[in-house]
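Numbering (full-length UniProt numbering), first residue to last: 1 to 201.
Here's the structure we're looking at; comments come further down.
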Amino acid sequence: MPGKLEGKRIAIVVTDGFEQDELKKPKGTLESEGARCDVIAPGTKGFVKGWNHTDWGDTIDVDVPIAEADTSDYDALLLPGGTMNPDKLRLMPDVKSFVRSFFAAAKPVAAICHAPWLLIDVGVVEGRKMTSWPSLQTDLVNAGAEWVDEPVVVDQGLVTSRKPGDLPTFSATLVQEFAREPSSPAQRRVRDGRPRPRPQG
């Protein structure tokens, strides 16, 4: 029996210091439902190194360098967290442009733990209901988001989650949201009858 994500291709954007479980566990769930998942990263070294709770973890092969990644090849985007990972990515123009293009195309995006830091710099959190690692609450509120302390929040194609402990619920929600047929950008910009801000840039 085909999986719920058969034929779907998912982009996973990380750099060194991503939280290992926040990549491996959702990726495994998505692949078990038939999705193809590509690890995308800046640079040309061909691999990235994960962070396993308190120390360096596994080395993961990079499937596509960010410089060669094309949003049109993908159905959805996953952004793992880890403190170092999004703090580096948010300073990289090519990464921000790639992430922003998913919002412009109304494709689903998922971000867990510290990953919403990157979304602040991409300019897509204003007016959205979101969650994250607790220390990001003030940053998200200052950027115009409505922050809530919930395991998983879905707001018009954006899925956010708090921490590794929420991964079972997060991963199951990704399958549900990534399996949906895409809507138009105009539909995604409407929330509760109010216009949704367009992505900046």
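We treat Cβ as the ideally placed atom computed from N, Cα and C, and that holds for glycine.
Counted within 10 angstroms of its Cβ, other Cβ atoms place residue i as buried (16 or more) or exposed
i       : result
Leu-77  : buried
Leu-91  : exposed
Arg-180 : exposed
His-53  : exposed
Thr-29  : buried
Gly-201 : Here Gly-201 scores only 48 on pLDDT, less than 50, and its place in the model should not be relied on; the value that follows carries that caveat. Result: exposed.
Chain-order list of residues whose beta-carbon lies under 8 Å from that of residue i (same chain, five-residue window excluded)
i       : result
Asp-61  : Val-39, Gly-46, Phe-47
Asp-155 : Arg-128, Lys-129, Met-130, Arg-191
Nearest-angstrom Cβ-Cβ length linking residue i and residue j, presumed shorter than 8 Å
i       : j       : result
Ile-10  : Ala-35  : 5 Å
Pro-42  : Asp-121 : Not quite, the Cβ-Cβ distance comes to about 15 Å (not below 8 Å), so this is no contact.
Val-125 : Leu-140 : 6 Å
Pro-26  : Ser-171 : 5 Å
Lys-96  : Thr-15  : Not really, about 13 Å apart at Cβ, beyond 8 Å.
Leu-119 : Ala-111 : 6 Å
Thr-173 : Val-159 : 6 Å
Residues near residue i in its chain [Cβ-Cβ closer than 6 Å; skip 5 each side]
i       : result
Phe-18  : Gly-50, Pro-80, Gly-82, Asn-85
Pro-108 : Ala-76, Gly-157, Glu-177, Phe-178
Val-175 : Lys-4, Glu-33
Glu-6   : Gly-34
His-114 : Gly-81, Thr-83, Pro-86, Trp-133
Pro-151 : Asp-166, Thr-169
Phe-143 : According to the sequence shown, residue 143 is Ala rather than Phe. Counting only Cβ-Cβ distances below 6 Å, and skipping sequence neighbours, we find Ile-120, Val-125.
Ala-186 : Residue confidence for Ala-186 is low, a pLDDT of 46 falling below 50, so the modelled location carries little weight and cannot support an answer.
Own chain partners of residue i with C-beta closer than 7 Å, once the 5 adjacent residues on each side are dropped
i       : result
Phe-102 : Thr-71, Leu-77, Val-109
Asp-21  : Pro-164, Leu-167
Ser-184 : Model confidence at Ser-184 stands at a pLDDT of 49, short of 50, so the residue's coordinates are unreliable and nothing is read from them.
Pro-73  : The displayed chain sequence assigns Asp, not Pro, to residue 73. The answer, listed in chain order, is Arg-9.
Ala-69  : Ala-11, Ile-40, Phe-98
Cys-37  : Ile-10, Ile-12, Lys-27, Leu-30, Glu-31
Val-64  : Asp-38, Ile-40
Thr-44  : Pro-65
Residue i vs residue j beta-carbon contact at 9 Å
i       : j       : result
Asn-162 : Asp-149 : The residue asked about is misnamed: residue 162 is Arg in this sequence, not Asn. Closer than 9 Å, so yes.
Pro-116 : Ala-145 : yes
Val-99  : Thr-131 : no
Asp-58  : Lys-24  : yes
Residue i Cβ short of 8 Å to the ligand PLP heavy atom set
i      : result
Val-48 : What this structure holds is no ligand at all, so the ligand PLP is not there to describe.
Ignoring anything shorter than 4 residues, give me the alpha helix (DSSP H) runs that lie fully in the segment 130-179, in order along the chain. 137-142, 167-178
Tell me the start and end of each unbroken beta strand (DSSP E) in the segment 50-130 that is at least 3 residues and wholly inside, in chain order. 55-61, 76-79, 109-112
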